[in-house]
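Colleague: The structure is given below, and queries will be raised subsequently.
Number of protein chains: 2
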Amino acid sequence: MLNFSFHLPTQFEFGTGAERKAGEMIARFGGKRALVHYGGGSAVRSGLLARVLESLDAAGIAHVELGGVMPNPRDELVYQGIQMVRDQQLDFILAIGGGSSIDSGKAIAAGALYDGDFWDFFCGKALPETALPLGCILTIAAAGSESSNSCVITQASTQQKRGLNVELNRPRFALMNPELTYTLPAYQTAAGATDIMAHVMERYFSNEPESDVTDRLCEAILCSVVKAAPIAIENPNDYDSHAQLMWASTIAHNNTCGVGRVFDGASHKIEHELSGIYDVAHGAGLAVVFPAWLRWQLTHHEPSKLVQFAVRVWGCDIDLGHPERCAMQGIERYEAFLRSIGMPLTLRELGIENPDIQRIADGTRRNPGTDVCGFFTPMDTAAIVELLQIANG
Amino acid sequence: MLNFSFHLPTQFEFGTGAERKAGEMIARFGGKRALVHYGGGSAVRSGLLARVLESLDAAGIAHVELGGVMPNPRDELVYQGIQMVRDQQLDFILAIGGGSSIDSGKAIAAGALYDGDFWDFFCGKALPETALPLGCILTIAAAGSESSNSCVITQASTQQKRGLNVELNRPRFALMNPELTYTLPAYQTAAGATDIMAHVMERYFSNEPESDVTDRLCEAILCSVVKAAPIAIENPNDYDSHAQLMWASTIAHNNTCGVGRVFDGASHKIEHELSGIYDVAHGAGLAVVFPAWLRWQLTHHEPSKLVQFAVRVWGCDIDLGHPERCAMQGIERYEAFLRSIGMPLTLRELGIENPDIQRIADGTRRNPGTDVCGFFTPMDTAAIVELLQIANG
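Those sequence lines, one after another, are chains A and B. With my numbering, you'll find the first sequence wraps up at 393, consecutive numbering, no jumps. With my numbering, you'll find the second sequence wraps up at 1393, consecutive numbering, no jumps.
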């Protein structure tokens, strides 16, 4: 177990009606003039935005709206938000939505207090030293951005999707009402579940030999998602399964499951390149990349951790004589699960007919910090090409 | 799953040498003059105190020492600490030790800023509105006080051991070096492991039907403790097993394992009465009370949660026709585990030859907030007497 620092400052308000606390919470964290940042029209149509603005009005919080965040959020809207914050002297960002809205809000929060171009933070030129406070109202269980230190933005002109992981990114509060996820299409719930599992697995597959507590916390979240996701998809109005997914999404990516070891991150980096270029849903991209990553690892890494994954998460029988068979059975059950919830497993099923594999691999390696891509077995460009060939079916 | 608020502000610095960050961390949280509060001579003899004071000196933090905290910490030293804070205008409490030192420090931190008698907080007369900031250096994995909202103090004159659970109690930082637990006697390591498990089980046995994520997190911690404790006891200098116990102690009691449902608390309340009167080690007292609580529950509560505990934590086989047999097997394995690490299972083994069962039961019910004692099956005075008779062997 490696030495670690861990600090999770986000205040969680979880349950029915949580969104109505928005005004009170912004006031508690010193906000007076908020940028309310959200995605498409669903927040408007569902009445959520109106409820939130009412809560802000009741608390005396002035507000300006900036909607239109797209999946794989783009830099253009971040620039627009930064300008609005400066022009109208806003002092708080309230993001409504999933990872896209929250990440876009995080980039605005850091960029608004920076003299240079906010993209400097995402291409490795600079690190933010301060940021506006940000709170969020979560509407999809997936990215874990509601309490993570992560933020991922795509530069439209170059199709580069890049991440910034700094403690300043953690929201001050997260309002989490599972009912807000009832109206999501099944595909998005499934992609969210896939993303949650991937966040855990990026931490689980580590070469640190002894971090049993963290291992078991990872397995706990994986088992819960495997149980809850099909129920939530079958029963869009089932509170409990949606509540499990929502809380799992948070724990999966705020590093409760990662302390004491390194985040592998290879699958996420490869998927970011994929969705930067082809604009696919992040979770669906991970459903293609992560099984391929596991299959590639099985031929390059001794199998004991893959065996533990197979036995503890997927209920596979131990096979002392052929541990690699047990490990492969775990991968196959993971794939069967992903397929059962409607996820693609190949690039073609993801809608990418003629993937430019070399471009994806090269682009992944140009991502700042990917002189080594991953840590479980580090991947060079040729290895990423091999992985993508597996993913190409 | 019940609605919940969850906020864990404690900053964790975990690993070798963590105690050397004390000065830097106090400065970060605005402290300039610290009360350094610790227990017996072991912190002095081991050189820990000297290292910590050196770190404070290097950071320019003035300091005053108050040692002598005893297990089941008493009100006298709290009064003394409050007086020292006031006389010497101290602005930060640094507790070194386990739950006793940290709890004593928490009581000083809240009491120093209160005009009345600090015991008002513990007998239900008042709630603290503010408290001095407190940080801690942990030397035993047990109480979880390093990030919990709990604080338990014994009033010497009445032998009343009472708790105060408020968010103000959470430490600002916890410095956690597993090596500091190497020198503990095996009995204390075992009592600590028992306490950790009890903190999880108080949350696990809940009537909330659907909180699968939290259930599995509980099971994860329980399984890790069952694995690590015997290794740590056999191998006092084994870093990894001590690290698992230390991190488990934190997660077990900071409510990561409890969100979305109620803390039962009956076993802790009964044990507090027991150790208030007979001054036994808290963890050892729980080793006597908790199995008896489970046995009592098995005859008063439908067995499904006890079955889940038996199957998932203790590897018992499901018995659809006789679930109560499966549940009982789980309890027996828990008892066998406790015995294997050297814990007592009866009041006599705990050293209490002629327990005044009625006094313990009556005293438990006089504890503020125990008009109902526990929630899984609430216990009245007669029920507590029955439990203690089970514990009496």
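Think of the CB as a built atom: it goes at the ideal place given N, C-alpha and C, for glycine as much as any other residue.
Just checking: is the beta-carbon of A/N3 within a distance shorter than 8 Å of some beta-carbon in chain B?
Modeller: yes
Colleague: What whole-angstrom Cβ distance do A/A228 and B/D1212 have, given they're in contact under 8 Å?
Modeller: 7 Å
Colleague: Can you tell me whether B/A1284 is helix, strand or coil according to DSSP?
Modeller: helix
Colleague: Taking 8 Å as the threshold, find out whether the stretch 1134 to 1148 of chain B comes into contact with the stretch 353 to 369 of chain A through three or more Cβ pairs.
Modeller: no
Colleague: In chain A, which residues lie with their C-beta within 7 Å of the C-beta of B/D1212?
Modeller: S224, K227, A228, Q244
Colleague: Of the residues B/I1093, B/V1078, B/G1098, B/G1163, which one's Cα is nearest the Cα of B/P1133?
Modeller: B/I1093
Colleague: Quick test of your reading: B/G1192 and B/A1142, contact by CB under 8 Å. State the CB separation rounded to the nearest angstrom.
Modeller: That pair is a contact at about 3 Å.
Colleague: According to DSSP, simplified to helix, strand and coil, what is A/R170?
Modeller: coil
Colleague: Hey, would you say B/E1146 sits closer than 8 Å to B/P1171, going by beta carbons?
Modeller: yes
Colleague: Please confirm whether A/C218 and A/Y204 have their CB atoms less than 8 Å apart.
Modeller: yes
Colleague: Give the interface partners of B/D1240 over in chain A, defined as CB-CB distance under 7 Å, in chain order.
Modeller: M1, E210
Colleague: Which residues in the same chain as B/S1055 place their Cβ atom closer than 6 Å to its Cβ, once the five residues preceding and following it in sequence are excluded?
Modeller: R1020, A1022, G1023
Colleague: Under 8 Å between the Cβ atoms of A/M246 and A/A284?
Modeller: no
Colleague: Report, in whole angstroms, the separation of the C-beta atoms of B/G1163 and B/S1148, which I expect to be a contact under 8 Å.
Modeller: 10 Å between Cβ atoms; not a contact.
Colleague: Name the DSSP beta bridge partners of A/F4, please?
Modeller: B/F1014
Colleague: So, using beta-carbon positions, are B/C1426 and B/V1311 closer together than 8 Å?
Modeller: Residue numbering for chain B in the displayed model covers 1001 to 1393; residue 1426 of chain B lies beyond these limits and cannot be assessed.
Colleague: Please name the residue in B/F1290, B/M1379, B/T1381 whose C-alpha comes closest to that of B/T1346.
Modeller: B/F1290
Colleague: Would you mind sorting B/H1322 into buried or exposed? The rule is 16 or more other CB atoms within 10 Å of its CB.
Modeller: exposed
Colleague: Mind listing which residues of the stretch 1111 to 1131 of chain B have their C-beta closer than 8 Å to chain A's C-betas, in chain order?
Modeller: Taking 8 Å as the upper bound on Cβ-Cβ separation, chain A lies near no residue of the stretch 1111 to 1131 of chain B.
Colleague: Does the separation of the CB atoms of A/T394 and A/P73 fall below 8 Å?
Modeller: Given that chain A is displayed from residue 1 to residue 393, the structure contains no residue 394 of chain A and the question cannot be resolved.
Colleague: If you run the structure through DSSP and keep just helix, strand and coil, what is A/E440?
Modeller: Given that chain A is displayed from residue 1 to residue 393, the structure contains no residue 440 of chain A and the question cannot be resolved.
Colleague: Here's the rule: buried if 16 or more other CB atoms are within 10 angstroms of the residue's CB, otherwise exposed. What is A/I270?
Modeller: Classification for A/I270: buried.
Colleague: Between which residues of its own chain and A/D357 is the CB-CB distance below 8 Å, once the five residues before and five after are set aside?
Modeller: The sequence given here has Ile at residue 357 of chain A, not Asp. The answer, listed in chain order, is V385, L388, Q389, N392.
Colleague: Rounded to the nearest angstrom, what separates A/D53 and A/M70 at their Cα positions?
Modeller: In the sequence as presented, Asp is not what sits at residue 53 of chain A; that position holds Leu. C-alpha separation (whole angstroms): 21 Å.
Colleague: Beta-carbon within less than 6 Å of A/R333's beta-carbon, same chain only, minus the 5 sequence neighbours each way: which residues are those?
Modeller: W314
Colleague: Would you decide whether B/K1125 is buried or exposed? Buried here means 16 or more other CB atoms lie within 10 Å of its CB.
Modeller: exposed
Colleague: Please report whether the beta-carbon of B/I1331 lies at a distance below 8 Å from any beta-carbon of chain A.
Modeller: So, not an interface residue.
Colleague: Could you round the C-beta distance between B/A1252 and B/V1200 to whole angstroms and report it? I think they count as a contact, below 8 Å.
Modeller: 5 Å
Colleague: Taking only three categories from DSSP, how would you classify B/Q1088?
Modeller: coil
Colleague: Got a sec: is the Cβ-Cβ distance from A/R216 to anything in chain C below 8 Å?
Modeller: Included in the structure are the protein chains A and B, with no chain C among them.
Colleague: How long is the line joining the alpha carbons of B/A1336 and A/D319, rounded to whole angstroms?
Modeller: 29 Å
Colleague: Can you tell me which residues form a DSSP beta bridge with A/M37?
Modeller: It is His, not Met, that sits at residue 37 of chain A in the sequence shown. Its beta-bridge partners are A/L66, A/A95.
Colleague: Give a single yes or no on whether B/A1248 has its beta carbon closer than 7 Å to a heavy atom of the ligand ADP.
Modeller: The model depicted lacks the ligand ADP and carries no ligand whatsoever.
Colleague: Quick check: the Cα distance between A/L350 and A/V280, rounded to an integer number of angstroms?
Modeller: 7 Å
Colleague: Enumerate, from N- to C-terminal direction, the unbroken beta strand (DSSP E) stretches of 3 or more residues contained entirely within the stretch 124 to 157 of chain A.
Modeller: 134 to 138, 152 to 155
Colleague: Taking the alpha-carbon positions, what's the A/D91 to A/V85 distance?
Modeller: 7 Å
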